[in-house]
Structures are given as C-alpha cells and as structure tokens.
Amino acid sequence: MPFNDEKQCVGEDQLSDADSSRLSESTASLSDCECSRQSFTSDSSSKSSSPASSPPRVVTLDEVMATAKNLVNLTLAHEIAVNENFQVKHADLPENSLASRVKSIVHQAYWDVLESELNAEPPEYDHAIKLFEEIREILLSFLTPGGGNRLRNQICEVLDTDLIRQQAQHSAVDIPGLASYIISTMGKLCAPVRDDDVRKLKATGNIVEVLRQIFQVLELMSMDMANFLIRSFRPHFQRQLVDYERSKFQEILEETPSALDKTTQWIEESINEELLSLSEITLTPGSDSSSKPSLSPTLVLNNSYLKLLQWDHQKKVFPETLMTEEARLQELTEKLNQLKIIACLSLITSNTVGAVTEGLPELAGRLKRISAVLLEGMCEKTFNLKEVLNSIGVKSCVEINKTLMERGLPTLNAEVQANLIGQFSSVEKEDSPIRSLIDKRIQLYLKSLLSLPSPKKCLPPMPGGLAVIQQELEVLGCQYANIVNLNKQVYGPFYANILRKLLFGEEAAGKTDTPPSSAN
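Taking this note's numbering, I'd label the letters of the sequence shown as residues 2 to 521.
Below, the structure written as structure tokens:
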C-alpha cells in the first residue's frame with residue numbers, strides 16, 4: 002500500500018500502468034519544457050464565471066445535500082483505497098455523558114417492557130415478534146448473494162413472523178427454542194473472533210437478557226461483515242480510484258463552482274513566491290533585468306505541495322483537492338518537525354563535542370533516542386519546547402560523560418556542558434541558523450523526491466547533516482511522495498486549468514479534460 006511504514010521507491014505499486022498513462026495525458030501541460038502559452042490551449046476543467054459579468058449563483062438545499070453526499074462518498078472511497086488499517090469500529094459514547102445516560106435509560110426501558118409483556122398472563126408477543134423479524138433480516142444480510150440458499154430458506158422458515166403470530170394467538174410461541182436456533186445460526190455465520198461471545202449466549206438463563214445479548218453480538222458481527230467487505234473490495238477501489246475521485250469531484254464542482262477557490266489560492270501563493278524569488282535574482286548585478294520571468298508549471302505545483310508540510314492548520318483552510326489527505330499530511334508534518342529538531346541537536350552535538358565523542362557510534366544512537374522520547378507530543382499546545390530542549394541538553398551531557406568515564410576518558414567540563422545546553426535551547430527559535438539550515442536541506446531532499454522523472458527510480462541522495470534521521474526521513478519521504486503522486490493523478494487536469502489561468506491569463510471554462518478511461 003502507498004502509506005505503510007516500509008521504505009520503498011517512490012510511487013511503486015501506487016496505481017496501475019493505465020492510471021499512470023492517463024496521468025501523463027492529463028498533466029502533459031505541466032512539464033518543464035512546456036512553459037509557453039501554446040502548451041495550455043486545451044479546454045479547461047472548472048466552470049468559472051467572472052463576478053463582473055454574471056450575478057452570484059443561488060445554491061438550493063438539494064444541491065448542497067447532493068454535494069455533501071458526493072463529498073462523503075469520495076472521502077470514504079479514498080480512505081478505503083489508501084488506508085489498509087481503515088475499518089468500521091463501534092462508536093462508544095463517553096462514559097457518564099448525557100447521551101450515554103439517555104441511551105442506557107431508553108434501552109433499559111425497552112427491555113423492561115419486553116420482559117413485562119412476556120411475563121404477563123396471557124403473554125404478549127408484539128415486541129418479541131418485531132425483534133425476531135429484525136434478527137431474521139440481520140442474519141439474512143450475512144449470507145452472500147446466490148449462496149447459502151439452504152440456510153436462507155431455513156432461517157425464513159424458522160423465523161416466519163406470520164407463523165409466529167399464529168402461534169402467539171394460542172400462546173404457543175417457543176421463545177427459548179427460537180433463541181436457541183438463532184444462537185446456533187450465529188455460531189455458523191460468525192467470524193472465529195466471535196466464537197466466545199456466541200458461547201456465552203448459551204450460558205445465559207434469562208430469556209430477555211439472552212435476546213439483549215443476541216443483539217449486542219449481532220451488532221459486532223455486522224461490523225465484522227462490513228470490515229470483511231471493505232477488505233474484499235479494496236483492490237477494486239484501488240484500481241478505480243483515480244477515475245472515481247475525479248468524476249465525483251467534477252460533480253461537486255458542477256454543484257458548487259467555488260469548490261476550487263482554496264486550491265487556486267494555494268497555487269497562487271506558490272506562484273507569487275516564485276515570482277518574488279525571480280525578481281530578486283534579476284535585481285542582482287550582471288543579471289538580465291529586461292527578460293520577463295518564466296515559471297515552470299511543474300516547479301510551481303511541486304513547491305505548492307512542499308508548502309503543505311509547513312501548513313498552519315489552525316489558521317488556514319486546506320486546499321479542497323487535498324481534503325482527503327489532510328489528516329495524513331498533518332501527521333507527516335508533525336513527524337517531520339520532530340525529525341528536524343533531532344537533526345539540529347545531532348549537528349550541534351557533533352560540532353561542539355564531536356572531537357571527544359568521535360569513534361563512539363553507539364553514543365549517537367542513545368542521544369537520538371533520548372531526543373526522540375522527550376520530543377514526543379511536540380505538536381500539542383501545552384508542549385514547552387524550550388524546557389524540553391534544556392532537559393535533552395542536560396540528559397545528553399550526562400550520557401556523554403557516562404560513556405567517556407566507561408572508557409577512561411576525561412569528561413566534559415562545566416563550560417562545555419553549559420555551551421551545549423545553551424545551543425540546544427536556541428533551537429527553539431524557528432529562525433535560528435541551525436534550524437534554518439536543516440530545514441533547507443530537508444526541503445531540498447523532498448523537492449528532489451518530487452522531481453524524480455520515473456516512479457521506478459530509487460530515492461535521491463541524502464543531503465549532509467541528515468544522516469542521523471536518514472532512515473526515518475526516507476520512509477516519511479516515500480509516504481509523502483505517494484500522497485502527492487496519487488493527488489496529481491486524480492486532480493492533474495484541475496491543476497492544469499488553474500495554472501493556465503494564473504500563469505497565462507486563460508479563463509477556464511467547461512468540464513475538465515478527462516482522459517478516456519481504459520478498461521480495468
């Protein structure tokens with residue numbers, strides 16, 4: 002899968018070759034060699050209209066609901082395809098919460114009513130019959146279409162509610178017998194993990210409690226079935242993901258024309274930064290200031306992707322085309338920030354006491370583990386980075402002196418220790434020289450990763466000063482590049498149209514240039 006924790010070459014096994022070929026067709030206008038206006042002459046993707054030429058479009062409630070449904074379907078399909086760990090889980094309400102207490106009271110009231118009806122003289126079976134009807138439908142839902150006809154017929158025959166109603170008229174309903182049949186059938190249909198739960202049902206004496214627990218186990222079995230279906234259909238979702246997501250997003254765009262506003266703003270910010278950088282170059286002595294700056298669409302888009310790893314999720318809305326990846330990218334950003342600090346501390350240690358600790362590779366590993374443990378939870382608001390950096394400095398000095406003493410070498414004096422701890426604390430500032438240096442090198446590595454011409458090529462060389470985090474950075478880089486490559490394949494035509502408009506002043510109109518889908 003694209004987002005597991007194993008190191009792999011970028012983009013390998015991401016999608017089929019047919020999907021890759023469709024990507025090359027849809028984003029051909031983004032190549033570095035096609036920076037001219039002629040490269041962007043095809044029809045565009047988004048349906049945009051100038052505010053000056055037409056009034057705002059009124060969106061109806063039905064359109065809003067349709068958009069919301071498409072967005073939910075798109076997000077769900079994407080998550081199933083890219084996340085191997087995705088599964089349906091039981092939603093437990095917070096203990097002692099109002100919702101939890103209300104649910105408990107209502108459920109208890111229902112089972113109390115059922116018990117009073119069954120204990121009445123003569124017994125009343127209305128609620129019990131409804132329960133058996135619901136249980137029958139749940140059991141039938143576990144059977145595969147076209148399979149298990151014998152068991153299907155048996156379930157319908159035993160739990161025939163019309164027959165049970167006739168028996169109820171003569172007070173001849175065998176509730177324990179029906180419950181025993183249901184438990185036996187559940188044992189045939191359940192996953193092995195539910196065998197113990199089913200066995201416990203047989204040991205329950207009170208018939209109302211048996212029915213109550215039957216429903217609890219059936220709910221677990223329903224989740225097991227849903228997760229089984231998710232695992233079964235995941236390969237199909239992966240093959241169809243690019244076309245499905247693109248078509249769903251096009252439907253969203255047709256219902257909500259402003260669905261690319263944040264994406265356009267995200268790309269525009271990257272363009273402005275590149276233009277500012279080029280203008281600074283043209284102002285340097287000896288440069289040709291008469292030539293008009295020309296931007297590569299591929300460079301602009303890759304730089305836009307790099308900005309996602311420095312995104313302020315509290316203050317800025319994520320681009321619409323990356324909403325399905327926001328949680329994963331935020332997690333990668335948090336990991337990357339931790340790795341940056343570890344690399345900074347390692348470089349400071351090497352520069353300050355490298356001569357003393359040279360030849361002690363196991364010491365570097367222990368110092369790295371100290372930093373990694375203390376930097377856990379760095380993304381939390383209550384995390385005090387300066388205090389933690391000071392603690393890392395103190396513990397590092399202790400560990401270094403301990404290692405030196407074990408080898409009969411002189412320990413660090415107080416001045417060197419104070420200098421090391423002080424430099425560690427200075428890393429707290431984002432504009433500190435050492436932090437800026439490490440950040441530039443990581444950005445260089447990630448930019449090289451996105452610039453690889455072929456998905457089959459191996460990872461680029463690691464810049465100097467990052468050896469201590471090389472393994473973790475390569476894994477993170479592969480995960481990041483896989484996210485980017487999949488996003489390009491899905492939304493490449495939309496990005497191409499935005500770049501036409503921003504770089505060449507061409508208005509995007511009509512639907513996206515969606516390549517013809519190939520047979521899967």
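Just so it is clear, CB atoms sit at the ideal spot from N, CA and C, and this is done for glycine as well.
Values in this document were obtained by computation on a predicted structure and should not be read as measured data.
CB of residue i within 8 Å of CB of residue j, strictly
i: N391; j: I422; result: yes
i: R442; j: L413; result: no
i: K369; j: I343; result: yes
i: L212; j: L132; result: yes
i: G188; j: V199; result: yes
i: A180; j: I156; result: no
i: T264; j: I499; result: yes
i: L296; j: L310; result: no
i: I81; j: R235; result: yes
i: I136; j: L219; result: yes
i: I439; j: K341; result: yes
i: I393; j: S372; result: yes
i: I184; j: F87; result: no
i: D163; j: R195; result: no
i: P95; j: S172; result: no
i: A365; j: V476; result: no
i: Y481; j: L447; result: yes
i: M222; j: F143; result: yes
i: E321; j: V301; result: no
Simplified DSSP assignment, three categories, for residue i
i: Q88; result: coil
i: S117; result: helix
i: H237; result: helix
i: T322; result: helix
i: P177; result: helix
i: W312; result: coil
i: G206; result: coil
i: Y126; result: coil
i: C1; result: As shown, the chain starts at 2 and ends at 521. That puts residue 1 outside it, with no answer to give.
i: K430; result: coil
i: T299; result: helix
i: T257; result: coil
i: E82; result: A small correction: the amino acid at residue 82 is Ala; Glu does not occupy that position in the sequence shown. Three-state result, A82: helix.
i: N97; result: coil
i: L413; result: coil
i: N420; result: helix
i: P464; result: coil
i: D196; result: helix
Rounded Cβ spacing between residue i and residue j (contact assumed at less than 8 Å)
i: L115; j: A129; result: 7 Å
i: I253; j: I208; result: The pair is not a contact, with the Cβ atoms about 51 Å apart (cut-off 8 Å).
i: L445; j: G478; result: So it is not a contact: roughly 12 Å between Cβ atoms.
i: Q525; j: M379; result: The chain is shown only over 2 to 521; residue 525 falls outside these bounds and no answer can be derived.
i: F505; j: L261; result: Rounded, the Cβ-Cβ distance is 17 Å, inconsistent with contact.
i: E429; j: K387; result: 4 Å
i: I89; j: A192; result: Note that residue 89 is Val in the sequence shown here, rather than Ile. 13 Å between Cβ atoms; not a contact.
i: Y126; j: A92; result: The Cβ separation is near 32 Å, so there is no contact.
i: L375; j: V395; result: With 8 Å as the limit, L375 and V395 do not qualify as a contact, their Cβ atoms being about 10 Å apart.
Burial state of residue i, where buried means 16 or more other Cβ atoms lie within 10 Å
i: S105; result: exposed
i: L160; result: buried
i: R247; result: buried
i: R153; result: exposed
i: H79; result: buried
i: A121; result: exposed
i: E256; result: buried
i: R501; result: buried
i: M406; result: exposed
i: L337; result: buried
i: A204; result: exposed
i: C345; result: buried
i: Q418; result: buried
i: A415; result: exposed
i: S452; result: exposed
i: A497; result: buried
i: L323; result: buried
i: P1; result: The question about residue 1 has no answer here: the residues shown for the chain are numbered 2 through 521.
i: S101; result: exposed
Quick one: any contact between the stretch 353-370 and the stretch 390-407, if contact means 3 or more CB pairs under 8 Å? With a cut-off of 8 Å, the stretch 390-407 and the stretch 353-370 count as touching, because enough Cβ pairs lie within range.
Are three or more beta carbon pairs between the stretch 265-276 and the stretch 297-311 nearer than 8 Å? By the criterion of at least three beta-carbon pairs nearer than 8 Å, the stretch 265-276 is in contact with the stretch 297-311.
Pair every Cβ in the stretch 240-253 with every Cβ in the stretch 472-492, then say whether three or more of these pairs are closer than 8 Å. Yes: at least three Cβ pairs fall under 8 Å.
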